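According to this note's numbering, the stretch in the sequence shown is residues 19 to 266, in order.
For each residue, glycine too, the CB sits at the ideal point set by N, CA and C.
Note that the structure is a prediction, hence the values are computed from the model and not measured.
These notes concern the structure reproduced below.
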Amino acid sequence: MLDASGLMVFYENMLALNNVSIECDENSIVGVFGANSAGKSTLMYTLSGIMQDIKRKEEMAGGERITVLGEIRYLGNDISEVKPSLRAKMGIILCPERRRIFKESSVIENLRIGAYLAPSSKAKETLEYIFEVYPALKKLKKRIGGFLSGGEQQMLAIGRALMAQPRLLLLDEPLLGLSPLIQTILVRSTREIRDEKGISIIVTEQYARPVLPIVDYAFILENGAAVMEGTRDELLRNPDVRSAYFGV
Ligand code: ATP
């Protein structure tokens, strides 16, 4: 479904992504694991096209020079030059790091904002589905986003992404700073979303362990380069990967 190859991103002379190639098949969950600054968010911005916007804004402001190279193919088409808004319409939806919900708006308003790309016929059905996956949100419909707990905010961020009708959902560090219990709930619901809606998912995390049970395939990023890849079992069998990323 997604096949990105030779991705390179420079912030000025700093190489943030170094010849990264990554694939995601239909109906699968792909993990991208790496320490702080490994390039996870840069990769997600590049796949979703937001990097193009960041680059343009920097150019307009006379700021740093950003260079993006490589090819991204999605459903058989080369989308490397396709604008982020169009990529979103094609089904590539990013749920960014640090849960950027609208803190002054209510839960339901946040979800409706996510539907601006989707036909209204699907909005109602999707809303019901989100409340099924995250019953906690249903009870908090009218609550202001900023008053939700971290876990609830993450559910809302994923819910908002679902309202945009993704075919490929990009989850950037969804578990960051959350308790193990909330992490378990979020990981389970992520698998449910793939199983029930057939949405493919690329998920980045610093620590692989909590998401390992649900990933089909994973990549390890170090200093902007994909240094290793394999199925969950292949990576688990590698002692270096086990101790560095899986904590086992
Ligand atoms: P984290 O877990 O901290 O979010 P990450 O794996 O997502 O890390 P990135 O945010 O992609 O890493 O950053 C990769 C590298 O690029 C880092 O060294 C970071 O400092 C640098 N970087 C990111 N954004 C910019 C920018 N706009 N200008 C310059 N350098 C940047």
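Taking only the alpha-carbon atoms, compute the straight-line gap between Pro102 and Gly67 and give it to the nearest angstrom. Indexing the sequence shown from 1 puts residue 102 at position 84. Indexing the sequence shown from 1 puts residue 67 at position 49. Roughly 4 Å between the two C-alpha positions.
Count the other CB atoms, across all protein chains shown, that sit within 10 Å of the CB of Ala133; report buried if there are 16 or more and exposed otherwise. Translated into positions along the sequence shown, residue 133 becomes position 115. Per the 10 Å Cβ criterion, buried.
Our contact map puts Met181 next to Ala154 with C-beta atoms below 8 Å; I'd like the distance itself, whole angstroms only. Numbered from 1 along the sequence shown, position 163 holds the residue referred to as residue 181. Numbered from 1 along the sequence shown, position 136 holds the residue referred to as residue 154. Between Ala154 and Met181 the Cβ distance is about 17 Å, and since that is not below 8 Å, they are no contact.
Would you please state the rounded distance, in angstroms, between the beta carbons of Tyr235 and Val27? I believe it to be under 8 Å. Here residue 235 is taken as the residue at index 217 of the sequence shown, counted from 1. Here residue 27 is taken as the residue at index 9 of the sequence shown, counted from 1. About 22 Å separates the two Cβ atoms, so there is no contact after all.
I'd like to confirm the pairing. Which residues does DSSP put opposite Ala22 in its beta bridges? Taking the first residue of the sequence shown as 1, we reach residue 22 at position 4. Paired residues: Ile40, Ile90.
Considering only residues of the same chain and omitting the five flanking positions on each side of Tyr152, which have a CB-CB separation below 7 Å? Indexing the sequence shown from 1 puts residue 152 at position 134. Met173, Gly177, Ser207.
Among Arg212, Leu25, Ser123, Phe237, the one whose alpha carbon lies nearest that of Tyr147: Counting from 1 along the sequence shown, the entry for residue 147 is found at position 129. For the residues Arg212, Leu25, Ser123, Phe237, the minimum Cα distance to Tyr147 belongs to Arg212.
Relative to the ligand ATP, is the shortest distance from any of its heavy atoms to the C-beta of Leu29 smaller than 6 Å? The count along the sequence shown starts at 1 and reaches residue 29 at position 11. The question names Leu, but residue 29 in the sequence shown is Tyr. Because some heavy atom of the ligand ATP lies under 6 Å away, the Cβ of Tyr29 counts as near it: yes.
In terms of residues, what are the limits of the beta strand (DSSP E) holding Asp190? By one-based count along the sequence shown, residue 190 stands at place 172. Its beta strand (DSSP E) spans residues 186-190.
Ser218, enclosing beta strand (DSSP E) - first and last residue: By one-based count along the sequence shown, residue 218 stands at place 200. Counting along the chain, the beta strand (DSSP E) containing Ser218 begins and ends at 218-223.
Rounded separation between Asp251 and Asn45 - CA only: The residue you call residue 251 lines up with position 233 of the sequence shown. The residue you call residue 45 lines up with position 27 of the sequence shown. Each residue's alpha carbon lies about 18 Å from the other.
Which residues does DSSP pair with Val229 in a beta bridge? If you number the sequence shown from 1, residue 229 lands on position 211. Beta-bridge pairing links Val229 to no other residue.
Count the other CB atoms within 10 Å of the CB of Leu189; is the residue buried (16 or more) or exposed (fewer)? Taking the sequence shown and counting its residues from 1, one reaches residue 189 at position 171. Classification of Leu189: buried, given that the 10 Å Cβ count is 16 or more.
Only counting the same chain, and skipping five residues up and downstream in sequence, which positions put a Cβ closer than 6 Å to that of Pro198? For the purposes of this step, residue 198 is identified with residue 180 of the sequence shown, where counting begins at 1. If we look at Pro198 and ignore the five residues flanking it on each side, it has no Cβ neighbours.
Three-state secondary structure (DSSP) at Phe165? Here the question's residue 165 lines up with position 147 in the sequence shown. Phe165: helix per DSSP, three-state reduction.
Would the stretch 241-248 count as touching the stretch 218-232 if we require 3 or more Cβ pairs under 8 Å? no
State yes or no: is the C-beta of Arg117 within less than 7 Å of the C-beta of Ala175? The sequence position of residue 117 within the sequence shown is 99, counting from 1. The sequence position of residue 175 within the sequence shown is 157, counting from 1. Yes, Cβ-Cβ distance for Arg117 and Ala175 is below 7 Å.
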